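Student: Counted from 1, the sequence shown has number 68 at position 31 by our numbering; the numbering is strictly sequential. Beta carbons: idealized from backbone N, C-alpha and C, even for Gly. Values in this document were obtained by computation on a predicted structure and should not be read as measured data. My questions all concern the structure below.
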Amino acid sequence: MKKVFTYIKPYTGRMTLGLIIKATGTFMDLGLPWVLARIIDDMIPLGEISYILWWGVVMLLLSIGARTFNIMANRMASKVARDVVETLRHDLFAKIQSLSGAQVDRFTIPSLESRMTSDTYNIHHMIGMMQRMGVRAPILLIGGVIITSTLEPVLTLVLVAIMPLLGIIVFIISRKGIPLYTALQNLVDKMVRVVRENISGIRVIKALSKSPYEKRRFSKVNQEVSDMESKAGLTMAMT
Numbered sequence: 038m039k040k041v042f043t044y045i046k047p048y049t050g051r052m053t054l055g056l057i058i059k060a061t062g063t064f065m066d067l068g069l070p071w072v073l074a075r076i077i078d079d080m081i082p083l084g085e086i087s088y089i090l091w092w093g094v095v096m097l098l099l100s101i102g103a104r105t106f107n108i109m110a111n112r113m114a115s116k117v118a119r120d121v122v123e124t125l126r127h128d129l130f131a132k133i134q135s136l137s138g139a140q141v142d143r144f145t146i147p148s149l150e151s152r153m154t155s156d157t158y159n160i161h162h163m164i165g166m167m168q169r170m171g172v173r174a175p176i177l178l179i180g181g182v183i184i185t186s187t188l189e190p191v192l193t194l195v196l197v198a199i200m201p202l203l204g205i206i207v208f209i210i211s212r213k214g215i216p217l218y219t220a221l222q223n224l225v226d227k228m229v230r231v232v233r234e235n236i237s238g239i240r241v242i243k244a245l246s247k248s249p250y251e252k253r254r255f256s257k258v259n260q261e262v263s264d265m266e267s268k269a270g271l272t273m274a275m276t
């Protein structure tokens, strides 16, 4: 991860700007329930139509602003992730080209192909999600608790009480999920190896009428990858 962050460092300025925009949009999202509660609790009982309409306009502006800022931040996050991974893939390809035959045999070609494709895609996804949810989720959590405390203090105590329990549950599930993704990566490498063998040995396979066997072989490893991906995804979804 330290090496990945060295590739992110040149884009720190763009990331910071995107995170500020994302935080602004998130604060606007948090303002919506507060304004709605103010309208329901304070203005509707008094029948102040003009104030209700005014605050309705405020809610509309907050909604438009939140959507606009979130879209801008998401687009910036995607561009940063794209540029980082582009540079990473370039350097990774250059490094692979410089490996000796013994080193290639040790890493295996299917594994190197996975590093260039699926692994870099996962890094792209991680960088994007880190910018999108890395700021939004903590602000929504802390801001939600603060707003709830101003509207309903008793409910805030309930939220604060269950947060340690939720933290323990998330930690346990995450500990169980990480080995599943390690196993998934090994299965992906295995599937790449099977596909590569099928492509490189296509003439031999046809000459020996081994096509049905190779189809069953690929279907088996493909099903293993699918099952493991579903298991890992469902496990982490519980967090």
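When burial is assigned at 16 or more other CB atoms within 10 Å of the CB, is R169 buried or exposed?
Tutor: Here residue 169 refers to the residue found at position 132 of the sequence shown. Label assigned to R169: buried.
Student: Taking the CB atoms as reference points, tell me whether L56 and V172 lie closer together than 9 Å.
Tutor: If you number the sequence shown from 1, residue 56 lands on position 19. If you number the sequence shown from 1, residue 172 lands on position 135. Yes.
Student: Out of G204, E150, V231, R104, which one is the CA nearest neighbour of S248?
Tutor: Mapped onto the sequence shown, residue 248 falls at position 211. Measuring from the Cα of S248, the nearest candidate turns out to be V231.
Student: Buried or exposed, going by whether 16 or more other CB atoms sit within 10 Å of the CB of S237?
Tutor: Position 200 of the sequence shown, counting from 1, holds the residue named residue 237. Answer is exposed; the Cβ neighbour count stays below 16.
Student: With a cut-off of 8 Å on the beta carbons, I'd call L67 and I210 a contact; round off their distance for me.
Tutor: To locate residue 67, count along the sequence shown from 1; it is residue 30. To locate residue 210, count along the sequence shown from 1; it is residue 173. 27 Å between Cβ atoms; not a contact.
Student: Given this structure, state the Cα-to-Cα distance separating S263 from Q222, to the nearest angstrom.
Tutor: Counting from 1 along the sequence shown, the entry for residue 263 is found at position 226. Counting from 1 along the sequence shown, the entry for residue 222 is found at position 185. In a straight line, the C-alpha of S263 is about 12 Å away from that of Q222.
Student: According to the neighbour-count rule (16 or more other Cβ atoms, all chains shown, within 10 Å of its Cβ), is I164 buried or exposed?
Tutor: The count along the sequence shown starts at 1 and reaches residue 164 at position 127. I164 is buried by the Cβ-count criterion.
Student: Under 9 Å between the Cβ atoms of V225 and H161?
Tutor: In the sequence shown, counting from the first residue as 1, residue 225 sits at position 188. In the sequence shown, counting from the first residue as 1, residue 161 sits at position 124. Against a cut-off of 9 Å, the Cβ pair of H161 and V225 comes out as no contact.
Student: Looking only at C-alpha atoms, which of M265, L202, M166, V258 sits nearest to G214?
Tutor: As a position in the sequence shown, residue 214 is number 177, starting the count at 1. Nearest option by C-alpha distance: M265.
Student: Rounded to whole angstroms, how far is the Cβ of M228 from the Cβ of V258, which I believe are closer than 8 Å?
Tutor: By one-based count along the sequence shown, residue 228 stands at place 191. By one-based count along the sequence shown, residue 258 stands at place 221. Confirmed, Cβ separation roughly 5 Å.
Student: Evaluate S148 with the Cβ neighbour count: other Cβ atoms within 10 Å of its Cβ, from every protein chain shown; 16 or more gives buried, anything less gives exposed.
Tutor: If you number the sequence shown from 1, residue 148 lands on position 111. Buried, because 16 or more other Cβ atoms sit within 10 Å of the Cβ of S148.
Student: Could you name the residues of the same chain whose beta carbon sits closer than 8 Å to that of L125, not counting the 5 residues immediately before and after it, in chain order?
Tutor: As a working mapping, residue 125 is identified with position 88 in the sequence shown. Correct list, in chain order: V41, Y44, T157, I160.
Student: Thinking C-beta only, is I133 closer than 9 Å to R152?
Tutor: Position 115 of the sequence shown, counted from the start, is the residue given in the question as residue 152. Position 96 of the sequence shown, counted from the start, is the residue given in the question as residue 133. Going by C-beta atoms, R152 is nearer than 9 Å to I133.
Student: Relative to the alpha-carbon of M166, which residue among M52, Y88, P47, K39 has its alpha-carbon at the smallest distance?
Tutor: Taking the sequence shown and counting its residues from 1, one reaches residue 166 at position 129. Out of M52, Y88, P47, K39, M52 has the C-alpha closest to the C-alpha of M166.
Student: Could you check the C-alpha separation between Y88 and D78 for me, to the nearest Å?
Tutor: Against the sequence shown, residue 88 aligns to sequence position 51. Against the sequence shown, residue 78 aligns to sequence position 41. Their backbone Cα atoms lie some 13 Å apart in a straight line.
Student: Using 10 angstroms around the beta-carbon of M200, count the other beta-carbons present and answer buried if the total reaches 16, otherwise exposed.
Tutor: On the sequence shown, position 163 is the one that residue 200 refers to. Exposed, since its Cβ has fewer than 16 Cβ neighbours within 10 Å.
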